[in-house]
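Scroll down for the structure; my scribbles are underneath it.
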Amino acid sequence: MIEEGDIPIHSLWGYVPKPGAGVAGVLTDDIERPFGTLLSFNAIEDAEPEVPEGPGVLFVRSGWPGPEGPPAWMPGQRARAMMGLEALERMAHGRKLVLWPRATDAVSDVPSILTFLRGHPGWDFMLDPMALMTEEMLPRQMEHAMRMLEALGAHPALAGLVVPEDDDLGDYWGYATRVLPERVALLYLGE
């Protein structure tokens, strides 16, 4: 759970793409105050993370392969990703770190999220069901999203649930808001 200074808890968050040095975008609270940064750091490919100055929560992907590289879940790729994330942890100087997993990344599914969190107890994570789905999962996306929520929704390190702009998950979001702990924020990617 995110608990740092003016970081919003129990709220609706927004995301604004804002490419810059080491930055992919900014997370805002329900009145559009920035409180976190999504880093553009690729823990597999980048030699060293760029950490923006100042306070605030750092959101990060676990690393994805280059165009010719093997899949991120392969042991060598995953080991490089973990080394990169540990380097980021050292450079963050105590700032809150939140992992935002995707299907293409080294941490890419429920088992790898749980494994990562066991080895990195200071981290939180975002649950982004649509980003965790491979193309093969999409025909049964509601079922997969429900399983993810059941497996991870009560985890103490869950910081937020991503709500995509356009989704075909029907009753999932209503169910999610009923079963998630109040401390879990909803992050809206739409406008």
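Residues in the sequence shown are numbered from 20 upward in steps of one, following the numbering used here. Even for Gly, the Cβ is constructed at its ideal location relative to N, Cα and C.
Using C-beta distances below 7 Å, list every residue in its chain close to residue i, excluding the 5 sequence neighbours before and after it, in chain order.
{"i": "I63", "result": "G82, W83, P84, A91, Q96, R99, A100, G103 and A125"}
{"i": "L171", "result": "V129, I132, L146 and L177"}
{"i": "Y191", "result": "M161, A164 and M165"}
How long is the line joining the alpha carbons of residue i and residue j, rounded to whole angstroms?
{"i": "G88", "j": "A150", "result": "20 Å"}
{"i": "A173", "j": "G179", "result": "11 Å"}
{"i": "R159", "j": "E72", "result": "42 Å"}
{"i": "I50", "j": "G193", "result": "23 Å"}
{"i": "I21", "j": "R137", "result": "Any reading at I21 must be qualified, since the residue scores a pLDDT of 49, below 50, and its modelled position is unreliable; the value itself is stated next. Near 18 Å, if we compare the C-alpha coordinates of R137 and I21."}
{"i": "P175", "j": "P140", "result": "10 Å"}
{"i": "R202", "j": "P86", "result": "38 Å"}
{"i": "E169", "j": "E155", "result": "20 Å"}
Taking its Cβ as the centre, do 16 or more other Cβ atoms sit within 10 Å of residue i, making it buried, or is it exposed?
{"i": "V198", "result": "exposed"}
{"i": "R166", "result": "exposed"}
{"i": "R80", "result": "buried"}
{"i": "A66", "result": "exposed"}
{"i": "L157", "result": "exposed"}
{"i": "G113", "result": "exposed"}
{"i": "G44", "result": "buried"}
Whose CA, out of the options, lies closest to the CA of residue i?
{"i": "V211", "options": "L205, R52 and Y194", "result": "Here the chain has residues from 20 to 210 only, and residue 211 is not among them."}
{"i": "G55", "options": "V42, A164, D48 and V76", "result": "V76"}
{"i": "L58", "options": "P120, P86, E51 and I50", "result": "P120"}
{"i": "M93", "options": "T123, E155 and P53", "result": "T123"}
{"i": "L107", "options": "S127, P140 and N61", "result": "N61"}
{"i": "R109", "options": "F135, E69 and H163", "result": "E69"}
{"i": "P148", "options": "H163, P175, G44 and E155", "result": "H163"}
Could you name the residues of the same chain whose beta carbon sits closer than 6 Å to that of residue i, not counting the 5 residues immediately before and after it, in chain order?
{"i": "E142", "result": "Note that residue 142 is Trp in the sequence shown here, rather than Glu. So the list reads L116 and L118, once near-sequence residues are dropped."}
{"i": "F78", "result": "G55, L57, V117 and W119"}
{"i": "T196", "result": "none"}
{"i": "F135", "result": "V126"}
{"i": "P200", "result": "none"}
With a CB to CB cut of under 8 Å and the five nearest residues on each side skipped, what residues in its chain are close to residue i?
{"i": "T153", "result": "A122"}
{"i": "A111", "result": "V70 and L77"}
{"i": "G41", "result": "L58, S59, F60, P68, E69, V70 and P71"}
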